[in-house]
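In my numbering, the protein residues as written are 6 to 436. What follows is a set of notes on a single structure, which appears directly below.
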Amino acid sequence: MSTVGWFGCALSGSRSFICSKIRQICSFGRSTGSLAPHNVRSKNIPWLPRRDGAMGYKQKRRARHSSFSDLQLEHGKQRMIGDMAAKLLAALTVLALLGSVSSCPPKPRTDGAGYRLKVGYYKGKCGRDVDVEAVVRKAVSKADAGVKAGLIRLFFHDCFVRGCDASVLLEPTSGSPQPEKLGVPNFPSLRGFEVIDAAKAELEARCPGVVSCADVVAFAARDASSFLSSGRARFAMPAGRYDGNVSLASETLTDLPPPFAGVARLRALFAAKGLDAHDMVTLSGAHSVGRSHCSSFSDRLLHIAKNSSSSDMEPEFAASLEKKCGVTSSNNNGSSDNTVVQDYKTPNKLDNQYYKNVLDHKVLFASDAALLDSWDTEGLVKLFADAYIRFPGLWEKEFGEAMVKMGRIEVKTAANGEIRRTCGFINANTY
Ligand code: HEM
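In structure tokens:
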């Protein structure tokens, strides 16, 4: 799709923030006002005409100085045209980049139930005394930073396998001995279950049979993001999901991206869930918090230990990981499966540091490094790495939108789900 086409989609779509920023750039040629962003308040941008049609103060000043000589005017015009051209070129470059990452952003894989979720769904459902979302927030607030990171990952792993239906929480039973929880990508690394159980236990005690485990997982991921970003990645999470009844470890292998995936495979796995490369790059920023077991990336270290050029990890960074993981050339996978932090700089802060680490080749997984292997994903990495300087708050805003979009994947309803009493077991198994 053409750049303009993407722009058209994005104006009405979820990426309004970045578009408004881009339109701010575009609107530099403000004399016509035709490209001015409608959602940027003109009081912040003095040279923009105000929405009520009044002139901004710089316009007024310009009007007062209308006795400029023709020469000055001509000179001013030429400079403005030059400025406009430069800004337009910059804007088009960013647009081309974003346009290539995504054409019209696809909709998450959902039969429509995902779009019927509502912000504030539980308001009034448990009486006046029970604020459902506050119960979850309180439980999340008690967790340490590592478990909070685990909660963000828990939501991702839930949504990517059979949709956001809390299937990831189900325990093994005789009827289902190998649930998702025991799948290789989840066991033993996935964490945060106790936070979900604590919140659910309190909710069941105060408001039985109303709040789904799937919504508790979604709220917990939202709250963990907010806590870890000191409120910068704060977003409303629509709710109304039901819990699923099926959970199969085998599906974690087919549906979740492995850490050794290249960019084509990553794209395909996200596309299968209705998420595009833009969502993928945005959500990957969650690797600015939490930890990883050495076994998830030690193959990359091994290349360095063997002096091979096939890993592009920054050598000093690799050497420090080799030490922490106990990897030597004679001992391929390390002495024990230690854990290391994902983000060596700000390990407990959910921020755009991840993108800087990707550019510096200081990330753990081949799948992180692979974002530099196609020009569109690489461009977005660069944009987010630069975000604090040029577009403050950009990545956090986009992250929130992508989390909400992910939360719409294959949502269950009363017709094909239930509200579990205990998150680890379907209701048929709790009597
Ligand atoms: C793009 C494909 C992705 C791959 C291949 C991937 C892979 C991994 C792996 C292997 C780990 C380390 C697990 C361990 O050994 O302990 C991890 C950790 C983590 N991932 Fe991802 N991930 C991806 C995308 C995502 C997304 C979309 C999110 C959330 C939006 C996410 C959030 C996290 C978090 C927060 C951690 C740290 C968890 C903890 O500390 O317990 N990841 N990821």
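For glycine and all other residues, C-beta sits at the position ideal for the given N, C-alpha and C.
- Within a 10 Å sphere around the beta-carbon of residue 257 sit 16 or more other beta-carbons, which makes this residue buried.
- Within a 10 Å sphere around the beta-carbon of residue 416 sit 16 or more other beta-carbons, which makes this residue buried.
- With fewer than 16 other Cβ atoms inside 10 Å of its own Cβ, residue 192 counts as exposed.
- Our two residues, residue 207 and residue 400, have alpha carbons roughly 34 Å apart in a direct line.
- Under the DSSP assignment, residue 227 falls in the alpha helix (DSSP H) whose first and last residues are 218–233.
- The C-beta distance from residue 299 to residue 223 rounds to 30 Å, too long to fall under 8 Å, and the pair is not in contact.
- 218 is the residue among 210, 190 and 218 whose C-alpha sits nearest the C-alpha of residue 200.
- Contact between residue 358 and residue 296 is absent: CB atoms are separated by about 15 Å, not below the 8 Å threshold.
- Minimum Cα-Cα distance from residue 423 among the listed residues 177, 165 and 216 corresponds to 216.
- Within a 10 Å sphere around the beta-carbon of residue 189 sit fewer than 16 other beta-carbons, which makes this residue exposed.
- By the criterion of at least three beta-carbon pairs nearer than 8 Å, the stretch 257–275 is in contact with the stretch 161–168.
- Boundaries around residue 296 are those of the beta strand (DSSP E), 296–298, since no alpha helix (DSSP H) includes it.
- Around the beta carbon of residue 418, fewer than 16 other beta carbons sit within 10 angstroms, so the residue counts as exposed.
- Listed in chain order, the non-local C-beta contacts of residue 241 below 7 Å within the same chain comprise 124, local neighbours out to five positions each way being set aside.
- Where residue 345 is concerned, the enclosing beta strand (DSSP E) starts and stops at 344–346.
- When the five nearest sequence neighbours on each side are left out, the beta carbons in the same chain lying within less than 7 Å of the beta carbon of residue 432 are those of 423, 425 and 426, in order along the chain.
- Per DSSP, the beta-bridge partners of residue 430 are 427.
- Look at residue 247 here: in three-state DSSP terms it is strand.
- Assigned with DSSP and collapsed to three states, residue 417 falls in strand.
- Contact between the stretch 226–237 and the stretch 262–271 is absent, with fewer than three C-beta pairs closer than 8 Å.
- Counting along the chain, the unbroken alpha helix (DSSP H) around residue 285 starts and ends at 282–289.
- Taken from the Cβ of residue 289, at least one heavy atom of the ligand HEM lies inside 6 Å.
- For residue 333, the closest C-alpha among the options 305, 392, 421 and 353 is that of 305.
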